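Line order of the protein sequences matches chains A and B. Residue numbers for the first sequence follow numbering that gives the first Met the number 0, beginning at 0 and rising by one. Residue numbers for the second sequence follow numbering that gives the first Met the number 0, beginning at 0 and rising by one. For each residue, glycine too, the CB sits at the ideal point set by N, CA and C. Predicted, not measured: the structure shown is a model, and the values here were computed from it. The structure appears below as structure tokens.
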Amino acid sequence: MPTFKLDGQEIPFEPGDTIIRAAWKKGVEIPHYCWHPGLSIAANCRMCLVEIKSARPMALPILAWDEKKKDYVETTKNKLQPACQMEVTEGMEVVSKGAAVEKAQASVQEFLLLNHPVDCPICDQAGECKLQDYWLAHQKKLKRKDTEPVHKPKAVRFGPTIVYDAERCIMCTRCIRFCDEVVGDHVLDMRERGNKNEICVSPGRELDHAYTLMTEHVCPVGALTSKDFRFKARVWFLRSAPGVCNGCATGCNTWVDYDPRYQRVYRLRPRDNEEVNKFWMCDAGMMTYKRFHEDRILTGRVRQEGRVVEVPRDVSIEAASKVLEKSQRLAVVFSAQHTNEDNFVLGKLGREHLGGTALYLAALSPESVPGGWKGDAILRHPDPNPNRAGATAVAGGELRSTADLAADIAAGKIDAILSLGWAAGESVEQLANLANVPHVNLSSNIGPLTQVATVVVPVATTAEASGTFVNAKGMAQQFQRAVNAPLGIKSAWETLIEIGKRVGREIAFAKLPEVRAAMPATTSAVAAAS
Amino acid sequence: MAYAIKKPGRTVADQSYVVEAVKGLGVTFKRFFQNTIGPAENRKTATIRYPEETREYPERFRGVHRLTHRVDGSPRCVACLCCSTACPAQCIYIEPAEYEADDPRHGYERYPRVFVIDELRCIFCGFCVEACPCDAIRMDTGTHVPASWKREHFIFDKETLMSIPGKDGTYVTANPRHEPGDPTHPGLDRDKAH
Chain A
0 MPTFKLDGQE IPFEPGDTII RAAWKKGVEI PHYCWHPGLS IAANCRMCLV
50 EIKSARPMAL PILAWDEKKK DYVETTKNKL QPACQMEVTE GMEVVSKGAA
100 VEKAQASVQE FLLLNHPVDC PICDQAGECK LQDYWLAHQK KLKRKDTEPV
150 HKPKAVRFGP TIVYDAERCI MCTRCIRFCD EVVGDHVLDM RERGNKNEIC
200 VSPGRELDHA YTLMTEHVCP VGALTSKDFR FKARVWFLRS APGVCNGCAT
250 GCNTWVDYDP RYQRVYRLRP RDNEEVNKFW MCDAGMMTYK RFHEDRILTG
300 RVRQEGRVVE VPRDVSIEAA SKVLEKSQRL AVVFSAQHTN EDNFVLGKLG
350 REHLGGTALY LAALSPESVP GGWKGDAILR HPDPNPNRAG ATAVAGGELR
400 STADLAADIA AGKIDAILSL GWAAGESVEQ LANLANVPHV NLSSNIGPLT
450 QVATVVVPVA TTAEASGTFV NAKGMAQQFQ RAVNAPLGIK SAWETLIEIG
500 KRVGREIAFA KLPEVRAAMP ATTSAVAAAS
Chain B
0 MAYAIKKPGR TVADQSYVVE AVKGLGVTFK RFFQNTIGPA ENRKTATIRY
50 PEETREYPER FRGVHRLTHR VDGSPRCVAC LCCSTACPAQ CIYIEPAEYE
100 ADDPRHGYER YPRVFVIDEL RCIFCGFCVE ACPCDAIRMD TGTHVPASWK
150 REHFIFDKET LMSIPGKDGT YVTANPRHEP GDPTHPGLDR DKAH
């Protein structure tokens with residue numbers, strides 16, 4: 000691979016790479032605002048200016064003060080080049096830390112902050128803002144301008160999810176390019192010139208496509224803020240755990256941002272993965288974090304004489320084991336919303352230990368998702384389940400649907416059910432049949448399956464347990480626990496082992512790696528993600 | 000170098016103790032009448048009648064915290080959490096929230112829905128005051144936390160903190176700031192329609 004020199008360091012590149020991209024691939028950051036690895040080049044922020052030593056310098060005539068002559072003399076200086084636009088050539092020598100470059104960076108930084116309100120205390124980007132970071136790294140000087148800054152519109156509603164602050168905007172145009180190039184919807188543009196420059200929405204339109212929250216994530220400053228996250232938390236208190244989106248079968252890689260003090264998830268952010276989601280995520284996917292805390296099942300539930308009674312978790316496990324002990328023709332319902340590990344242990348207990356032969360898969364259908372679900376050509380997969388492929392694989396073949404289960408119960412083929420998860424494509428009315436036989440359900444949230452169950456045992460959500468999902472492409476991706484499950488609740492596979500012990504069936508897994516080792520290889524591969 | 004000190008000789012008056020004892024009693028009675036029935040400005044006592052009387056604290060005494068008000072009576076605090084981040088004793092708890100839709104500050108600013116300082120935990124270092132970018136939290140009250148017999152009395156909430164005036168008796172600070180939402184803020188008159 001050909002190489003070039005950046006500040007004395009040999010860096011390999013592929014033909015066609017720009018300086019900044021080659022450096023980024025190697026993990027070296029050249030300061031930038033408008034450049035984004037997933038977007039086209041704008042070269043308008045001028046923060047990434049570098050000095051190219053090897054080529055013939057483009058000399059700019061300048062006047063410089065001469066101490067000896069006590070006068071200005073005519074001389075030249077080397078013109079700096081934007082690293083985001085400059086293509087690398089073999090043997091190129093680039094300086095990104097010299098005196099000329101540092102002066103340019105400080106000047107660009109000062110220019111960007113001339114009219115910036117510096118309202119960091121109320122800005123949601125504080126703590127992850129490039130203006131703050133680069134000010135500290137490349138300027139560290141007070142503003143020299145002492146007149147009132149130019150004021151521009153603040154708190155403009157761009158759409159149902161995004162609020163825009165023109166004063167904070169540095170006109171990097173990342174949001175415009177994201178909408179144009181990734182979404183293919185030219186809803187944002189710029190208007191005016193100079194210090195009146197601002198981003199605007201197309202007349203008669205709102206920023207309301209399926210990827211609006213990404214515009215907030217590509218914004219390097221706090222100009223675009225998400226209504227959902229606005230004023231909720233400060234990012235320096237948040238920790239991030241690598242996660243996988245629960246929204247659909249694409250399995251976008253996420254960062255689960257949670258506050259360790261309150262054990263609460265505040266947002267999902269896209270995690271870079273070239274093979275799955277590149278740098279992006281859809282709005283619906285980012286909002287799936289709400290499921291971690293809303294409609295949770297935190298205690299056991301037992302149906303007594305037609306009424307649902309909340310009981311401690313231990314009591315629900317006891318009740319579950321009583322149902323399972325008596326069953327002769329057990330139906331095992333796998334879940335396309337649960338991890339491979341959970342489904343695998345469910346198969347072990349339900350099939351091998353309790354002799355269940357009727358196997359089904361509970362999965363959301365596009366119609367059953369609140370607000371509906373539609374796939375698209377960008378990221379969204381038509382299947383709104385993150386792990387249909389994985390659940391099918393660990394069960395060892397195609398599974399029948401929960402509608403078939405209802406039919407089988409009507410035909411009298413089933414005398415008990417062991418089901419996983421809350422999600423089902425059918426409504427409670429369509430599944431009413433499932434309530435006719437004793438039904439044990441392990442679930443984290445309230446859903447159609449929990450409502451027709453005789454015994455519900457609470458389990459952890461995907462933010463509260465580590466696990467593996469297999470996406471539509473067949474890639475097994477692992478994710479890690481972010482927060483602790485409340486009130487002694489455990490993950491579904493651990494709960495299943497507890498229930499197994501109660502009915503006298505020992506399943507010999509103590510730790511997650513042991514479960515993974517026993518699973519089929521295609522469902523436990525380590526994800527390429529960090 | 001050590002040297003000898005000559006002891007003064009004893010007189011008969013000294014030897015009898017009577018004169019010196021009477022002199023001593025004289026001082027005692029003088030102080031007694033001076034401090035009880037004499038004019039107040041002549042009194043020389045080491046003690047004061049607390050809590051009716053209090054001593055002046057030094058100029059630089061910090062005192063208990065207060066939350067300053069805006070002109071419209073709302074807290075100046077924008078719930079940026081800089082104070083609770085800087086606090087080494089971790090005694091400040093804040094929950095930010097957005098102003099209601101009919102408030103002129105809606106969309107621009109945040110405010111503390113909950114602002115609590117645990118004064119028992121506080122070490123009065125003043126880091127919170129240093130960290131505050133809005134001059135919202137100050138330690139210029141000149142008073143200390145009143146004594147109490149219940150732990151709950153030391154948990155100061157937003158209303159308590161806003162009810163304590165500064166040394167000058169006011170609830171605001173002499174530190175003007177044009178904030179979005181204020182009529183003085185020049186950005187407000189711009190056309191916001193898109």
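Where does residue i fall in DSSP's three states?
i	result
residue 55 (chain A)	coil
residue 174 (chain B)	coil
residue 174 (chain A)	helix
residue 9 (chain B)	coil
residue 511 (chain A)	helix
residue 333 (chain A)	strand
residue 92 (chain A)	strand
residue 398 (chain A)	coil
residue 286 (chain A)	helix
residue 86 (chain A)	strand
residue 421 (chain A)	coil
residue 44 (chain B)	coil
residue 213 (chain A)	helix
residue 467 (chain A)	strand
residue 242 (chain A)	strand
Taking 8 Å as the CB-CB limit, is residue i close to chain A?
i	result
residue 128 (chain B)	no
residue 193 (chain B)	Low confidence applies to residue 193 (chain B): its pLDDT is 32, below 50, so where it sits in the model is not reliable enough to give any reading.
residue 77 (chain B)	yes
residue 103 (chain B)	no
residue 108 (chain B)	yes
residue 80 (chain B)	yes
residue 85 (chain B)	no
residue 151 (chain B)	no
residue 111 (chain B)	no
residue 97 (chain B)	yes
Please report how far the alpha carbon of residue i lies from the alpha carbon of residue j, in whole angstroms.
i	j	result
residue 105 (chain B)	residue 40 (chain B)	58 Å
residue 205 (chain A)	residue 158 (chain A)	5 Å
residue 163 (chain B)	residue 35 (chain B)	36 Å
residue 526 (chain A)	residue 137 (chain A)	Note that residue 526 (chain A) scores a pLDDT of 40, beneath 50, so its modelled location is shaky; the value from the coordinates is reported in the next line. Approximately 37 Å, taken between the alpha carbons.
residue 246 (chain A)	residue 439 (chain A)	25 Å
residue 301 (chain A)	residue 334 (chain A)	21 Å
residue 192 (chain B)	residue 212 (chain A)	Low local confidence applies: a pLDDT of 33 at residue 192 (chain B) is under 50, so the model's placement there is unreliable, and no value is given.
residue 502 (chain A)	residue 346 (chain A)	16 Å
residue 90 (chain A)	residue 13 (chain A)	13 Å
residue 176 (chain B)	residue 385 (chain A)	50 Å
residue 427 (chain A)	residue 73 (chain B)	49 Å
residue 63 (chain B)	residue 81 (chain A)	54 Å
residue 141 (chain A)	residue 113 (chain A)	10 Å
residue 419 (chain A)	residue 158 (chain B)	48 Å
residue 293 (chain A)	residue 139 (chain A)	44 Å
residue 25 (chain A)	residue 102 (chain B)	49 Å
residue 172 (chain A)	residue 33 (chain A)	7 Å
residue 286 (chain A)	residue 256 (chain A)	12 Å
For the beta strand (DSSP E) containing residue i, name the first residue and the last one.
i	result
residue 74 (chain A)	70 to 77
residue 354 (chain A)	Looking at the DSSP string, residue 354 (chain A) is not in any beta strand (DSSP E), and its letter there is neither H nor E.
residue 438 (chain A)	438 to 442
residue 413 (chain A)	Per DSSP, residue 413 (chain A) belongs to no beta strand (DSSP E) and is neither H nor E.
Kindly say whether residue i, judged by its beta-carbon, lies nearer than 8 Å to any beta-carbon of chain B.
i	result
residue 551 (chain A)	Look at the range of chain A in this structure, 0 to 529, and you will see that residue 551 (chain A) is not part of it.
residue 134 (chain A)	no
residue 121 (chain A)	yes
residue 173 (chain A)	no
residue 42 (chain A)	no
residue 387 (chain A)	no
residue 154 (chain A)	yes
residue 230 (chain A)	yes
Considering residue i, what are the terminal residues of the alpha helix (DSSP H) in which it resides?
i	result
residue 314 (chain A)	312 to 325
residue 111 (chain A)	98 to 112
residue 447 (chain A)	447 to 450
residue 258 (chain A)	Not the alpha helix (DSSP H): residue 258 (chain A) falls in the beta strand (DSSP E), residues 252 to 258.
residue 36 (chain B)	Run containing residue 36 (chain B): none; DSSP gives neither H nor E here.
residue 159 (chain B)	157 to 161
Query raised in the report: Along the chain, which unbroken stretches of the beta strand (DSSP E) at least 3 residues long are found entirely within the segment 60 to 141 of chain B?
Result: Segments of the beta strand (DSSP E) lying fully in the segment 60 to 141 of chain B: 91 to 97 and 109 to 117.
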